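From first to last, the protein sequence lines are chains C and B. Numbering of the first sequence is given in my numbering, commencing with residue 51 and proceeding in unit increments. Numbering of the second sequence is given in my numbering, commencing with residue 51 and proceeding in unit increments.
Number of protein chains: 2
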Amino acid sequence: MADKKSIAMNMTRYITETVSDSEFITYVTEKILYNGQSDYQQIQVFETKAFGRILMLDQAVQFTDVDEFIYHEMLTHMPMLVHPKPERILIVGGGDGGAAREALRHPEVKNLELCEIDEKVCEISRKYFPQIATSFDDPRFKLNIGDGIARLKGLREGAVDVIIIDGTDPTPMAIGLYSADFYRTIHRALGENGVFGTLAGSPYFHPEWTKLVYRELSKIFPKVAMYTATVPTYPGFLWAFCVASKGQDPRGLDRSKRLASMEDDLKYLNCGLFNAVFALPSFIRRMIEED
Amino acid sequence: MADKKSIAMNMTRYITETVSDSEFITYVTEKILYNGQSDYQQIQVFETKAFGRILMLDQAVQFTDVDEFIYHEMLTHMPMLVHPKPERILIVGGGDGGAAREALRHPEVKNLELCEIDEKVCEISRKYFPQIATSFDDPRFKLNIGDGIARLKGLREGAVDVIIIDGTDPTPMAIGLYSADFYRTIHRALGENGVFGTLAGSPYFHPEWTKLVYRELSKIFPKVAMYTATVPTYPGFLWAFCVASKGQDPRGLDRSKRLASMEDDLKYLNCGLFNAVFALPSFIRRMIEED
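Next comes the structure, spelled out in structure tokens:
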């Protein structure tokens with residue numbers, strides 16, 4: 051999850067991620083567990099003392115053992131909870147299985163399709179992050195290896211209740227996932243009260259990305275709400291997410307009953323936080339409102 | 051603001067802060083503006099592209115131009131707003147003037163004393179961070195160079211309305227600022243409805259510190275509330291703060307009127323956030339409640 055201006059990698063001890071032209075973060079590795087190239091990207095898994103195992107794609111940290119729960123919970127449960135009855139779920143990307151693990155905690159789910167372009171990510175996650183890739187054998191779970199945009203275009207109107215994009219940065223390769231055109235395809239695939247959830251970048255390091263997602267979604271969906279969560283091992287640390295709804299306003303909903311049934315299994319989200327995270331720091335509010 | 055296990059410093063181009071034994075953050079410097087030793091600590095000021103100027107004390111980043119507002123606003127305004135009428139203010143530490151700048155935005159303030167042990171920090175801040183050290187000539191402002199603990203012990207009972215500690219990490223030198231004994235001294239110095247505000251570490255990197263502050267304060271004050279804010283250039287990123295009150299519970303107060311008068315000048319805090327930040331992620335809530 052970072053600009054990739056330059057990367058230094060020393061297989062024997064250090065792995066460095068470049069955050070901006072002023073800052074880079076170096077991890078002291080205990081062991082390189084995997085380093086390979088799939089058809090789409092470089093995949094690396096390494097072990098650290100403070101963060102446990104870390105997954106890197108194209109030299110950008112995707113998650114670590116110790117804080118993956120924050121990103122996966124906050125990306126997934128917010129759109130799931132905004133929908134009044136999330137039965138049919140589509141996750142685009144997220145081949146590691148973390149978002150699927152969270153979505154399947156909701157007893158309303160009847161089927162969940164994970165559409166991941168890079169099968170190798172699923173393989174590596176099942177091998178090195180078994181506590182994340184818990185859902186691959188769930189009877190409600192279906193893995194679809196292929197292109198997410200094509201899959202969404204091929205869906206019939208109103209086919210799903212919740213769509214979640216668990217993708218990479220808006221690099222030239224992934225920029226198609228951050229456009230009004232794409233959001234129109236998503237809107238069409240969603241049923242009544244349908245809800246869409248996506249990451250919206252770091253307001254510090256990718257303000258243009260944060261603004262873009264909010265602006266383009268607001269053109270297509272009647273209700274769009276931004277919220278934030280802190281992910282210590284993503285450069286930028288305070289990350290923005292958007293939830294876009296065809297029905298209810300995401301803000302001010304009472305989901306205490308649904309949340310109570312799974313709160314013991316969650317490490318980050320709880321009833322109080324579900325509504326509180328929509329309260330944005332002023333500089334972010336001004337940033338997205340200025341357009 | 052970091053464990054200091056090892057530090058690499060190359061005066062020509064890179065300055066590195068050690069976060070833990072698994073991670074360090076390197077800043078690419080454009081220019082070293084100051085590098086000296088006071089009677090108490092090493093003080094460094096350097097320029098970066100992405101963060102502007104950065105102040106380091108004993109090789110731990112204290113703040114940067116671009117995000118100092120988050121820490122200073124969240125440390126200061128929360129206790130100030132919890133107090134119903136904050137007229138007499140004492141800040142211990144904070145020689146840079148950032149907390150004083152924020153506190154003096156409150157029209158209720160009649161006098162503010164800044165008790166800083168290291169005069170050199172004030173000097174350096176006035177020279178290199180004039181937008182932070184704005185309050186030194188305010189008629190309500192009084193600078194007291196000396197030891198904060200001694201100053202607090204010397205105060206008569208009930209002498210001040212709000213006390214804010216703007217100190218360094220709980221290193222052996224500063225550990226006295228994080229004990230029940232010290233909090234008892236603070237409680238005594240505070241008047242009716244008195245409020246105390248302090249940083250409580252990073253729940254990721256200093257869980258013991260976070261728990262210690264909450265536990266020790268809860269022994270002394272009837273109402274203690276923890277809240278969080280994300281400071282991108284503090285390792286740990288999500289930081290915990292505590293506000294301890296002799297009177298009103300910090301949670302659920304309506305301070306919209308007082309906040310509205312200064313909201314245009316603030317970059318982080320606003321009415322919605324004032325109450326929302328007390329909603330803690332579950333792992334932090336469990337951490338402080340387990341004792």
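Glycine residues also receive a C-beta, built at the ideal position from the N, C-alpha and C atoms. All figures in this text were calculated on a predicted structure; none of them were measured in a lab.
- [ ] Determine the closest residue to residue 144 (chain B) out of B:158, B:119, B:161 and B:171, with distance taken between C-alpha atoms.
- [x] Mapped onto the second sequence, residue 144 (chain B) falls at position 94. That would be B:171, whose Cα lies nearest to the Cα of residue 144 (chain B).
Task: Cut-off 8 Å between Cβ atoms - residues of its own chain near residue 211 (chain C), not counting five sequence neighbours on either side - done: Along the first sequence, read from residue 1 onward, the residue named residue 211 (chain C) stands at position 161. So the qualifying residues of the chain are 133, 135, 136, 137, 138, 139, 240, 241, 243, 244 and 245.
TODO: Using three-state DSSP, classify residue 315 (chain B) as helix, strand or coil.
DONE: To locate residue 315 (chain B), count along the second sequence from 1; it is residue 265. If DSSP states are grouped into helix, strand and coil, residue 315 (chain B) belongs with the helices.
TODO: Compute the Euclidean distance between the alpha carbons of residue 178 (chain C) and residue 128 (chain C), then round it to the nearest angstrom.
DONE: Locating residue 178 (chain C) in the first sequence gives position 128, counting from the first residue. Locating residue 128 (chain C) in the first sequence gives position 78, counting from the first residue. Cα to Cα, the separation comes out at about 27 Å.
Open item on the list: According to DSSP, is residue 64 (chain B) part of a helix, a strand, or is it coil?
Closed with: Within the second sequence, numbered from 1, the residue matching residue 64 (chain B) stands at position 14. Note: residue 64 (chain B) maps to strand in three-state DSSP.
Task: Closest by C-alpha distance to residue 339 (chain B), when choosing among B:99, B:197, B:325 and B:264 - done: What you label residue 339 (chain B) is simply residue 289 of the second sequence in a count that begins at 1. Closest by alpha carbon: B:264.
Open item on the list: Here's the rule I'm using: 16 or more other beta-carbon atoms within 10 Å means buried, otherwise exposed. How should residue 261 (chain C) be labelled?
Closed with: As a first step, residue 261 (chain C) is located in the first sequence; it is residue number 211 there, counting from the start. Buried, by the Cβ-count rule.
Task: Neighbourhood of residue 158 (chain C) by C-beta, 7 Å cutoff - its chain only, sequence neighbours within 5 removed - done: Here residue 158 (chain C) corresponds to residue number 108 of the first sequence, with the count starting at 1. The residues are 135, 136 and 137.
Open item on the list: Whole angstroms are fine: how far does the CA of residue 185 (chain B) sit from the CA of residue 153 (chain B)?
Closed with: What you label residue 153 (chain B) is simply residue 103 of the second sequence in a count that begins at 1. What you label residue 185 (chain B) is simply residue 135 of the second sequence in a count that begins at 1. Distance between the alpha carbons of residue 153 (chain B) and residue 185 (chain B): 10 Å.
- [ ] Could you tell me whether the Cβ atoms of residue 2 (chain C) and residue 126 (chain C) are closer together than 8 Å?
- [x] Because chain C in this structure spans residues 51 to 341, residue 2 (chain C) falls outside the shown range and cannot be described.
Task: Near-chain B residues of the segment 296 to 321 of chain C - C-beta to any C-beta below 8 Å - done: 313, 316, 317, 318, 319 and 320
TODO: Grab me the residues of residue 130 (chain C)'s own chain with a C-beta within less than 7 Å of its C-beta, minus the 5 sequence neighbours each way, in chain order.
DONE: Here the question's residue 130 (chain C) lines up with position 80 in the first sequence. Hits under 7 Å: 136, 153, 156 and 212.
Task: Reduced DSSP category for residue 231 (chain C) - H, G, I as helix; E, B as strand; rest coil - done: Counting from one through the first sequence, the residue named residue 231 (chain C) turns up at place 181. Residue 231 (chain C) falls in the helix class under three-state DSSP.
Open item on the list: Between residue 331 (chain B) and chain C, is any beta-carbon pair separated by less than 8 Å?
Closed with: Working through the second sequence from its first residue, we reach residue 331 (chain B) at position 281. Taking Cβ atoms only, chain C reaches closer than 8 Å to residue 331 (chain B), which makes this a yes.
TODO: Quick one: which unbroken beta strand (DSSP E) runs of 3-plus residues sit fully inside the segment 90 to 154 of chain B? Chain order, please.
DONE: 92 to 98, 102 to 107, 110 to 114 and 138 to 143
Open item on the list: I'd like to know if residue 86 (chain C) contacts chain B, where contact means its C-beta is closer than 8 Å to some C-beta of that chain.
Closed with: Taking the first residue of the first sequence as 1, we reach residue 86 (chain C) at position 36. Cβ-Cβ to chain B under 8 Å: no for residue 86 (chain C).
- [ ] Starting from residue 178 (chain B), trace the beta strand (DSSP E) both ways and give me its first and last residue.
- [x] Sequence index remark: in the second sequence, residue 178 (chain B) carries index 128 (1-based). Element bounds for residue 178 (chain B): not the beta strand (DSSP E) but the alpha helix (DSSP H), 169 to 178.
Open item on the list: Residues in the same chain with beta-carbon distance under 6 Å from residue 198 (chain B), minus the five sequence neighbours each way, listed in chain order, please.
Closed with: Working through the second sequence from its first residue, we reach residue 198 (chain B) at position 148. For residue 198 (chain B), where only same-chain residues beyond five positions count, the Cβ hits under 6 Å are 142 and 165.
TODO: Give the secondary structure of residue 262 (chain B) by DSSP, where H, G and I count as helix, E and B as strand, and everything else as coil.
DONE: For this step, residue 262 (chain B) is matched to residue 212 along the second sequence. In the structure shown, residue 262 (chain B) sits in a helix (DSSP, three-state: H, G or I).
Open item on the list: Between the alpha carbons of residue 217 (chain C) and residue 206 (chain B), how many angstroms are there, rounded?
Closed with: Position 167 of the first sequence, counted from the start, is the residue given in the question as residue 217 (chain C). Position 156 of the second sequence, counted from the start, is the residue given in the question as residue 206 (chain B). Cα to Cα, residue 217 (chain C) sits roughly 59 Å from residue 206 (chain B).
Open item on the list: Residues in the same chain with beta-carbon distance under 7 Å from residue 316 (chain C), minus the five sequence neighbours each way, listed in chain order, please.
Closed with: Here residue 316 (chain C) refers to the residue found at position 266 when the first sequence is read from its first residue. The residues are 123.
TODO: Throw me the rounded Cβ distance for the residue 99 (chain B) and residue 72 (chain C) pair, which I believe falls under 8 Å.
DONE: For the purposes of this step, residue 99 (chain B) is taken as residue 49 along the second sequence, with counting starting at 1. For the purposes of this step, residue 72 (chain C) is taken as residue 22 along the first sequence, with counting starting at 1. Contact holds; Cβ gap of about 5 Å.
- [ ] Compute the Euclidean distance between the alpha carbons of residue 277 (chain B) and residue 279 (chain C), then round it to the nearest angstrom.
- [x] Here residue 277 (chain B) is taken as the residue at index 227 of the second sequence, counted from 1. Here residue 279 (chain C) is taken as the residue at index 229 of the first sequence, counted from 1. Spanning the two alpha carbons is a distance of roughly 14 Å.
TODO: Output yes or no for whether 8 Å exceeds the beta carbon distance between residue 196 (chain C) and residue 175 (chain C).
DONE: One-based indexing of the first sequence puts residue 196 (chain C) at position 146. One-based indexing of the first sequence puts residue 175 (chain C) at position 125. Contact: no.
- [ ] With residue 202 (chain B) as the anchor, note down where its alpha helix (DSSP H) starts and where it stops.
- [x] Translated into the one-based positions of the second sequence, residue 202 (chain B) becomes position 152. It spans 198 to 204 - the alpha helix (DSSP H) in which residue 202 (chain B) sits, taken as one unbroken run.
Open item on the list: If you reduce the DSSP assignment to three classes, tell me which class residue 340 (chain C) lands in.
Closed with: One-based indexing of the first sequence puts residue 340 (chain C) at position 290. Looking at residue 340 (chain C) - three-state DSSP - the assignment turns out to be coil, as it is neither helix nor strand.
Open item on the list: Going by C-alpha to C-alpha distance, which of B:235, B:149, B:319 and B:181 sits closest to residue 306 (chain B)?
Closed with: Residue 306 (chain B) sits at position 256 when you count from the first residue of the second sequence. For residue 306 (chain B), the nearest C-alpha among the options comes from B:319.
- [ ] Return the chain-ordered list of same chain residues with a C-beta closer than 6 Å to the C-beta of residue 163 (chain C), the five sequence neighbours on each side being excluded.
- [x] Taking the first sequence and counting its residues from 1, one reaches residue 163 (chain C) at position 113. Within the same chain, residue 163 (chain C) has close Cβ partners 140, 192 and 194.
TODO: Check the Cβ-Cβ distances between residue 98 (chain C) and every residue of chain B, and say whether any is below 8 Å.
DONE: Here residue 98 (chain C) refers to the residue found at position 48 when the first sequence is read from its first residue. Residue 98 (chain C) counts as touching chain B.
- [ ] Quick one: which residues of the segment 67 to 82 of chain B get their C-beta closer than 9 Å to a C-beta of chain C? List them in chain order.
- [x] 69, 70, 71, 72, 73, 74, 75, 76, 77, 78, 79 and 80
Open item on the list: Comparing C-alpha positions only, which one of B:188, B:104 and B:270 sits nearest to residue 238 (chain B)?
Closed with: Counting from 1 along the second sequence, the entry for residue 238 (chain B) is found at position 188. The option with the nearest alpha carbon to residue 238 (chain B) is B:270.
- [ ] Decide if residue 64 (chain B) is buried, meaning its Cβ has at least 16 other Cβ atoms within 10 Å, or exposed.
- [x] By 1-based counting over the second sequence, the position of residue 64 (chain B) is 14. Exposed.
Open item on the list: Out of B:83, B:310, B:299 and B:309, which one is the CA nearest neighbour of residue 328 (chain B)?
Closed with: For the purposes of this step, residue 328 (chain B) is taken as residue 278 along the second sequence, with counting starting at 1. Selected option, being the one with the closest Cα: B:299.
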